[in-house]
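Asker: I have a structure I would like to understand better, so I am pasting it below and will then ask my questions one at a time.
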Amino acid sequence: MAHSESFMLTDEQKEAVLQQRIIFWTNAMAEDIERENPVGVVDGVMDNWTEDQRRLFNEDWVNDDGLCEELEQLPEPPENQIVAKAKLDKDPQYKSIVTPRGTLQTRLARELHESAGVSLGPCGFPEIKQFQAALPGYQLNVISKEYLNALIYSGPEAEKHLYLYHHDNHYDVITSMPAFLARKEYCHKCKKGFDKITDHPCGDLCKLCNTQNCPIVEWKFCKACNRFFKSNECFNRHKDDAGPAKSLCRALIKCKKCKRVFTRTSLRDHHCGKVRCSTCQKYVNPENHQCYLQPVKAKKTRSPEEGNDLLDDDVAVDNDVEDTKNLMFFDFECTQDDGKHVPNLCVVQNESGDEKVFSGPNTKDEFCEWMFQQENANTTFVAHNFQAYDGYFILQYLYKNGITPEIITRGEKILSLALPEMNIKFIDSLCFIPMKLAAFPKTFGLTELHKGYFPHFFNRAENQDYVGPMPEAKFYDPDGMSTDDREKFYTWYNDQVQRQYEFDFQAEILRYCRSDVDILRRCCLEFREIFHQVTDVDPFASCLTIASACNLVFRKTFLQENTIAVIPPCGYKAENKQSVTALKMLAWVAQRDNIAICNARNHGEQRIDKYLVDGFNVETNTVWEIQGCLWHGCERCYARDIVNPINHMTMQDLKQRTLEKIQFLKDNGYNVVEIWTCDIERQLATEPEMKDFFDNFEISEPLEPRHAFFGGRTNAARLYYDVQPEEKIRYVDFCSLYPWCNNYGEFPIGHPEIITENFQPISDYFGLVKCSVLPPRTLYHLVLPYRTQGKLMFPLCRTCADNLQQEPCHHSDAERTLHGTWVTLELEKALEKGYELVRVDEVWHFSEHTDGLFKDYIDTFLKIKQEASGFPPEYDTDEKKGQYIADYAAKESIQLDPRQIVKKTSVC
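Residue 622 in the numbering used here sits at position 640 of the sequence shown, and the numbers go up by one each step.
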């Protein structure tokens, strides 16, 4: 954007704007778009916001001398721009210019029009460019209320910047962009506000002096803030106190010990060498911090300097405001004339059942226009299957109107859509109640409700006013129904036809949609009430899915501190682990030069004084250091001010630390060979022999715990069996197997011990093992899972599984061997069934484990589920019922309440 203007609108939006009457008056953004407010404008919210920000605009300095009437009753005379320019330039005639009813404003405005070559009357973006060209040294910027305060026009980069706010066919000059955005600072380059210089998001600027095009000339050190600067000019700019903000030197400082840069205002909170963990919110050493999943507590108010709240956004709970959001329930009905779904009816109901109906070809826009009004702020909208249907209509509307929502997706499905400006959120009831809407009434015991039938394929433009006999059955899509549902449909349909039922399309579509929304509303409220009574959590207020709701309940009520470990982002001891590339390189050098190199893969990394070295040969006293570019500050790959995301050190400091280590080794008489990973990549691209060695060199990647997760097992042990007359086939089902495992299964506690050598028998470990295992040649029920070809299998031969081979197996043991990561309990069972352990690469051993990690959580819901199942039919007397309760308590250690043992379909 350095040499060209920028329109911050999509092509579609630009075209929409250009097709309307646009009048641009200016010296600092006088642009008027004469149009109806675009659908989706949040009028109530924006009106209140504009009123609150009024002090940031000038309105009273503009001369009302009739020029407005002369120029087609423009909503904003050109004097406004003259005033803005005069203020920015500190014009000595400023007081005369801003004097009401003075003639200087008018004269200067006319001169600007003439110099721009813009005639009076309607104009568009081409004329905007003309006004911009007439103001060299100034950048014009237009911010629009209609697009939720988005920047819709920005001229070429210039030394001075003028900003105009367009709202309600009116233009105000913005006198302070930081105040306009409620921020302490504002960057004219990236057009973003920020509170702390360390949060400045502009990626194009030098992070040392905050200017563009800052080349490295000669590094200069500043004793005041302990930082190096690229040149004398860079040094001087960081000292510059001109402007409202303090200089970078006065704002930032680097700790001499830990080399981290932070704001001086946070100096009192600085813990040298430590960072604040985003999970536990404690100051920790990032290299060895072991964190745990945190119990959920009520939100605490925190000052901006202290960082984020204690809780993650997806599970944040504020006990005082958790249930304050309103709920609205809605559903669309759509035409499908040309294969495209277009809403032509929408019914929306609030919690009390109050209803609004939108119908016709503009249903979507009218509904959204109403929805994004001030009266609906602080509301959660619920639709069934929002993620795959209704959500796309809302998204279309928002994008059409230049409004960017916050979206959480799962694949191509929209789990949540939110507009933080109005505290409006959309969620999908299907994510909480995973069943079709027709099953809701029976599930929640609302038997008076019933989801009817509607001929969706009959919803076409030519049928909107249809009144007559029942439409043909095919319009109801009976082929898309299950066998039972289709049978019920035809019974209903034939009865309607026999009764010569008169079908009124408009009445039927409204009745059908209203019924769907009523079922959705009443059943969702019943679900929320049941869930809240049991858990004290409102699932719709804090969560997006039933899984996240259950996770929240567990963390809020049952999770004990320091039990479930949080694996570090880059694994355990990420900085000290030699990469696979490093190990391969050392092996390549050892083979090429016919020399023995001690490394982490054979005899372990050698320690020389306080340093571990990657490779070492004692005979030649040579040290090899494979320098990972990210960890050692490669100047060819990273700018010196880039920060390592793990240890939070700049590349400059990492490089300095690396140089100190190399110099120490050399000073102590060691021969040092440095090899950078970027050089290795270049060699691999040009040396075929080296690449072939790397490709065929077997080395185990570090254990990845996700590789041990395979999910549930479903397989047909036998596809066909010819039942003899005296035989019966029976179906056996394990009820509630997952809850049983969670209740009685063993789970690890705390962080694991990472073992990569001197392995003991598998039975001595509890945790995860990365290894190679040879299956037996004959076994009917196989033990170990193996994922290949996008499928989960339980094979006796790896190669047969990889090739999907159907013929008898003749592969060697090496070809049959499985390589993977499994839980120790699985491996023990496999070894018991004849599997052979070929090689162990890595073990995560948890010395602490328990069988009660989830017991209280499971028992709470199991009690409710068991009571809601009612008494079994055979327990039909008080004595038998008492025995049933006693037996259950003896078996599960759960005391059932006989008063609550009543059949409740909605719970069980």
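From the three backbone atoms N, C-alpha and C, an ideal C-beta is built for every residue, glycine too.
In the DSSP assignment, find the beta strand (DSSP E) that holds S341 and state where it starts and stops.
Answerer: Along the sequence shown, one-based indexing puts residue 341 at 359. It spans 337 to 341 - the beta strand (DSSP E) in which S341 sits, taken as one unbroken run.
Asker: Which runs of the alpha helix (DSSP H) at least 4 residues long sit entirely within the stretch 499 to 524? Give them in chain order.
Answerer: Within the stretch 499 to 524, the complete alpha helix (DSSP H) runs of at least 4 residues are 521 to 524.
Asker: Quick one: what does DSSP say G749 is sitting in, helix, strand or coil?
Answerer: As a first step, residue 749 is located in the sequence shown; it is residue number 767 there, counting from the start. Strand at G749.
Asker: Report the CB separation of V548 from T261 in whole angstroms; it is logged as a contact under 8 Å.
Answerer: Here residue 548 refers to the residue found at position 566 of the sequence shown. Here residue 261 refers to the residue found at position 279 of the sequence shown. At roughly 6 Å, the Cβ-Cβ gap stays under 8 Å, so V548 and T261 are in contact.
Asker: Could you check the C-alpha separation between W322 and V755 for me, to the nearest Å?
Answerer: Along the sequence shown, one-based indexing puts residue 322 at 340. Along the sequence shown, one-based indexing puts residue 755 at 773. Residue identity check: residue 322 is Lys in the sequence provided, not Trp. Going from the Cα of K322 to the Cα of V755 covers about 53 Å.
Asker: Between L750 and V655, what straight-line distance do the alpha-carbon atoms span, to the nearest angstrom?
Answerer: In the sequence shown, counting from the first residue as 1, residue 750 sits at position 768. In the sequence shown, counting from the first residue as 1, residue 655 sits at position 673. Using only the alpha carbons, I get a separation of about 37 Å.
Asker: With a CB to CB cut of under 6 Å and the five nearest residues on each side skipped, what residues in its chain are close to W474?
Answerer: As a first step, residue 474 must be located in the sequence shown, where it is residue number 492. Excluding sequence neighbours, W474 sits near nothing in its chain.
Asker: By DSSP, does W201 sit in helix, in strand, or in coil?
Answerer: Residue mapping note: residue 201 aligns to position 219 of the sequence shown, counting from 1. Residue state, collapsed to three classes: coil.
Asker: What is the residue span of the beta strand (DSSP E) that N697 lies within?
Answerer: Translated into the one-based positions of the sequence shown, residue 697 becomes position 715. Here N697 belongs to no beta strand (DSSP E), and DSSP marks it neither H nor E.
Asker: Within its chain, find whatever has a CB closer than 8 Å to the CB of Y703; leave out the 5 residues flanking it on each side and keep chain order.
Answerer: For this step, residue 703 is matched to residue 721 along the sequence shown. Result list for Y703: I711, in chain order.
Asker: Between F368 and F426, is the Cβ-Cβ spacing less than 9 Å?
Answerer: Position 386 of the sequence shown, counting from 1, holds the residue named residue 368. Position 444 of the sequence shown, counting from 1, holds the residue named residue 426. It is not a contact, given that the beta carbons lie outside the stated cut-off.
Asker: Quick one, which of D520, K837, I883, R618 has its alpha-carbon nearest P855's?
Answerer: Reading the sequence shown from its first residue, position 873 is the one you call residue 855. Per the Cα distances, I883.
Asker: Compute the beta-carbon to beta-carbon distance between L397 and L377, rounded to the nearest angstrom, for a pair I have assumed lies under 8 Å.
Answerer: For the purposes of this step, residue 397 is identified with residue 415 of the sequence shown, where counting begins at 1. For the purposes of this step, residue 377 is identified with residue 395 of the sequence shown, where counting begins at 1. L397 to L377, Cβ: 13 Å. No contact.
Asker: Does the Cβ of Y720 have 16 or more other Cβ atoms within 10 Å, making it buried, or fewer, making it exposed?
Answerer: Position 738 of the sequence shown, counted from the start, is the residue given in the question as residue 720. It is exposed - the Cβ of Y720 has fewer than 16 other Cβ atoms within 10 Å.
Asker: Whole angstroms is fine: what's the gap from Y893's alpha carbon to M775's?
Answerer: Past the edges of the chain, shown from -17 to 890, lies residue 893, and the structure says nothing about it.
Asker: Measure the alpha-carbon distance for E683 versus R583 and round it to whole angstroms.
Answerer: Start at 1 with the first residue of the sequence shown, and residue 683 comes out as number 701. Start at 1 with the first residue of the sequence shown, and residue 583 comes out as number 601. Those two C-alpha atoms are separated by around 11 Å.
Asker: Once DSSP output is grouped into helix, strand and coil, what is the label at V278?
Answerer: Here the question's residue 278 lines up with position 296 in the sequence shown. The answer is coil: DSSP assigns V278 none of H, G, I, E or B.
Asker: So, Y168 versus A140, is the Cβ gap smaller than 9 Å?
Answerer: Looking up residue 168 in the sequence shown gives position 186. Looking up residue 140 in the sequence shown gives position 158. No, they are not a contact pair.
Asker: Just to confirm before moving on: does the CB-CB distance between I276 and E543 stay below 9 Å?
Answerer: Position 294 of the sequence shown holds residue 276. Position 561 of the sequence shown holds residue 543. The amino acid occupying residue 276 in the given sequence is Gln; Ile does not appear at that position. For Q276 and E543, yes; Cβs fall inside 9 Å.
Asker: Can you tell me where the alpha helix (DSSP H) with G373 in it begins and where it stops?
Answerer: Your numbering for residue 373 matches position 391 in the sequence shown. That run of the alpha helix (DSSP H) goes 373 to 382.
Asker: When you compare the CB positions of F487 and Y458, do they come within less than 9 Å of one another, or not?
Answerer: Here residue 487 refers to the residue found at position 505 when the sequence shown is read from its first residue. Here residue 458 refers to the residue found at position 476 when the sequence shown is read from its first residue. Cβ atoms of F487 and Y458: not closer than 9 Å.
Asker: Rounded to the nearest angstrom, what separates D372 and C495 at their Cα positions?
Answerer: Here residue 372 corresponds to residue number 390 of the sequence shown, with the count starting at 1. Here residue 495 corresponds to residue number 513 of the sequence shown, with the count starting at 1. Cα to Cα, D372 sits roughly 13 Å from C495.
Asker: Measuring alpha carbon to alpha carbon, tell me which of V605, Q331, M463, V324 ends up nearest N344.
Answerer: As a working mapping, residue 344 is identified with position 362 in the sequence shown. The shortest C-alpha separation from N344 is found at V324.
Asker: If you run the structure through DSSP and keep just helix, strand and coil, what is N584?
Answerer: For the purposes of this step, residue 584 is taken as the residue at position 602 of the sequence shown. Correct three-state label for N584: coil.
Asker: Using the three-state DSSP reduction, which class does E617 fall into: helix, strand or coil?
Answerer: As a first step, residue 617 is located in the sequence shown; it is residue number 635 there, counting from the start. The answer is coil: DSSP assigns E617 none of H, G, I, E or B.
Asker: Using the DSSP secondary-structure output, state which residues sit across from V825 in a beta bridge.
Answerer: As a working mapping, residue 825 is identified with position 843 in the sequence shown. According to DSSP, V825 bridges with I737, V751.
Asker: With D869 as the anchor, note down where its alpha helix (DSSP H) starts and where it stops.
Answerer: Here residue 869 is taken as the residue at index 887 of the sequence shown, counted from 1. Counting along the chain, the alpha helix (DSSP H) containing D869 begins and ends at 860 to 874.
Asker: Quick check: what's the CA-CA separation for F679 versus A569?
Answerer: Position 697 of the sequence shown holds residue 679. Position 587 of the sequence shown holds residue 569. Distance between the alpha carbons of F679 and A569 is about 9 Å.
Asker: Out of G597, L431, F414, Q446, which has the shortest C-alpha to C-alpha gap to E315?
Answerer: In the sequence shown, the residue the question calls residue 315 occupies position 333. The shortest Cα separation from E315 among G597, L431, F414, Q446 belongs to Q446.
Asker: May I ask you to verify whether the stretch 813 to 829 touches the stretch 738 to 753, counting CB pairs closer than 8 Å and requiring at least 3?
Answerer: Yes, the stretch 813 to 829 touches the stretch 738 to 753.
Asker: Mapping the DSSP letters down to three states, classify L878 as helix, strand or coil.
Answerer: The sequence position of residue 878 within the sequence shown is 896, counting from 1. Correct three-state label for L878: coil.
Asker: Could you spell out the range, first to last residue, of the alpha helix (DSSP H) harbouring V571?
Answerer: Working through the sequence shown from its first residue, we reach residue 571 at position 589. Segment 562 to 575, the alpha helix (DSSP H) holding V571.
Asker: Report the rounded CA-to-CA distance for I876 versus G864, giving the unit in angstroms.
Answerer: Here residue 876 refers to the residue found at position 894 when the sequence shown is read from its first residue. Here residue 864 refers to the residue found at position 882 when the sequence shown is read from its first residue. Their Cα atoms are separated by approximately 14 Å.
Asker: For F340, is the beta carbon positioned less than 8 Å from some heavy atom of the ligand HEM?
Answerer: Ligands displayed in this structure: none; no statement on the ligand HEM is therefore possible.
Asker: Within 8 Å, do at least three Cβ pairs link the stretch 774 to 792 to the stretch 839 to 857?
Answerer: Short answer: they don't touch.
Asker: To the nearest angstrom, report how far apart L807 and F748 are at their CA atoms.
Answerer: Sequence index remark: in the sequence shown, residue 807 carries index 825 (1-based). Sequence index remark: in the sequence shown, residue 748 carries index 766 (1-based). So the two alpha carbons sit approximately 8 Å from each other.
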